[in-house]
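See below for the structure under consideration.
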Amino acid sequence: MIAPWFVGPSLRARRTLLATLLVALAASACGGDNVSTPSPGASVSAPAGPTASSSPSGVATPAGPTPDLPCDARALVARVIRWEGAAGSRIASVDMANAGSAPCLVFSLARPQLLDGTATILIDGGQPSTSAPLLVQPGAVLTTEVRTSNYCGPNPAAPVTVAFVIQDGLGRVLAAPTTATDTSGVPPCNGAAGSPGSIDMQPWVP
2 MIAPWFVGPS LRARRTLLAT LLVALAASAC GGDNVSTPSP GASVSAPAGP TASSSPSGVA
62 TPAGPTPDLP CDARALVARV IRWEGAAGSR IASVDMANAG SAPCLVFSLA RPQLLDGTAT
122 ILIDGGQPST SAPLLVQPGA VLTTEVRTSN YCGPNPAAPV TVAFVIQDGL GRVLAAPTTA
182 TDTSGVPPCN GAAGSPGSID MQPWVP
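Taking the working numbering, the leading residue of the sequence shown gets 2, the next gets one more, and so forth.
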């Protein structure tokens with residue numbers, strides 16, 4: 002039996018090494034939950050967030066102002082202000098307003114028509130080949146003159162007025178007559194019975 006106080010140098014070294022290993026293992030086991038704290042004065046970076054210029058995913062941002070659309074014929078209100086005679090023709094002064102709530106585009110020329118009180122077309126004009134658009138604000142008024150010539154058909158029913166067929170199938174604007182009995186817009190017949198009449202308009206102007 003070896004006395005407890007007598008331990009050889011090799012045995013002591015092994016015990017010392019074993020104790021050192023046990024201490025190291027214990028320190029390693031505790032190190033997994035160690036959270037380092039910043040030293041005083043150290044700055045902590047905040048997590049990156051969306052910048053002011055970024056937009057939420059799935060939300061569309063407008064590319065620019067909405068283009069102006071052609072005027073709906075139902076939003077345009079026209080009226081014949083007066084008729085005047087000139088060398089076998091009749092000339093109507095007409096105004097037309099944008100009665101809608103938004104700006105819209107009107108072609109400066111349309112196909113003019115002369116109509117009687119039963120909506121019969123007395124004289125039908127030609128479709129303009131080119132026509133520049135005009136931007137019309139809500140409540141704004143445009144004016145034009147319409148000339149009619151050589152009506153050789155049957156007597157028309159009162160009242161006589163004019164209409165404007167808008168290009169691209171956008172409808173027709175019927176102007177209100179000067180009175181409910183007015184037929185002064187019917188031009189005299191300058192040719193043979195049944196010969197075609199003519200009608201044309203000046204461009205719309207503000």
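No residue lacks a Cβ here, since even glycine has one placed at the ideal position from N, Cα and C.
In terms of alpha-carbon separation, which member of the options lies closest to residue i?
| i | options | result |
| --- | --- | --- |
| Ala-88 | Ala-164, Gly-195, Ser-150, Asp-183 | Ser-150 |
| Leu-143 | Leu-106, Ile-92, Gly-170, Gln-114 | Leu-106 |
| Pro-189 | Ile-167, Pro-207, Val-206, Pro-157 | Pro-157 |
| Met-202 | Leu-171, Val-147, Val-163 | Val-147 |
Is it buried or exposed, residue i, if we count other Cβ atoms within 10 angstroms and call 16 or more buried?
| i | result |
| --- | --- |
| Leu-70 | exposed |
| Ala-193 | exposed |
| Asp-169 | exposed |
| Thr-145 | buried |
| Gly-86 | exposed |
| Ala-120 | exposed |
| Thr-131 | exposed |
Assuming residue i contacts residue j under a Cβ cut-off of 8 Å, what Cβ separation, rounded to an integer in Å, is found between them?
| i | j | result |
| --- | --- | --- |
| Cys-153 | Ser-196 | 5 Å |
| Pro-207 | Ala-141 | 7 Å |
| Ala-164 | Gln-128 | In fact, because the Cβ distance is near 14 Å, the residues do not count as touching under 8 Å. |
| Val-161 | Asp-117 | 5 Å |
In whole angstroms, what separates the C-alpha of residue i from that of residue j?
| i | j | result |
| --- | --- | --- |
| Val-137 | Gly-126 | 24 Å |
| Ala-76 | Asn-99 | 6 Å |
| Gly-101 | Leu-110 | 20 Å |
| Asp-183 | Arg-80 | 13 Å |
| Pro-139 | Ala-177 | 20 Å |
| Arg-91 | Val-174 | 20 Å |
| Thr-180 | Ile-200 | 21 Å |
| Gly-186 | Leu-123 | 11 Å |
| Gly-198 | Pro-155 | 12 Å |
| Ala-133 | Arg-83 | 26 Å |
| Phe-108 | Leu-135 | 6 Å |
| Ala-103 | Leu-171 | 17 Å |
| Arg-112 | Asn-191 | 23 Å |
| Ala-74 | Val-166 | 9 Å |
| Thr-62 | Cys-72 | Low local confidence applies: a pLDDT of 36 at Thr-62 is under 50, so the model's placement there is unreliable, with the coordinate-based value given in what follows. Near 27 Å, if we compare the C-alpha coordinates of Cys-72 and Thr-62. |
| Ala-159 | Val-78 | 20 Å |
Which partner residues of residue i appear in the DSSP bridge assignment?
| i | result |
| --- | --- |
| Leu-106 | Pro-71, Leu-136 |
| Gly-195 | For Gly-195, which the question treats as bridged, DSSP gives no partner whatsoever. |
| Gly-86 | Arg-91 |
| Gln-114 | Asp-125, Ala-164 |
| Val-174 | Phe-165 |
| Thr-119 | Thr-119 is not bridged to any residue. |
| Val-187 | DSSP lists no partner for Val-187. |
Kindly say whether residue i, judged by its beta-carbon, lies nearer than 9 Å to any beta-carbon of chain C.
| i | result |
| --- | --- |
| Gly-170 | Although the question refers to chain C, the structure presented lacks it and comprises just one protein chain. |
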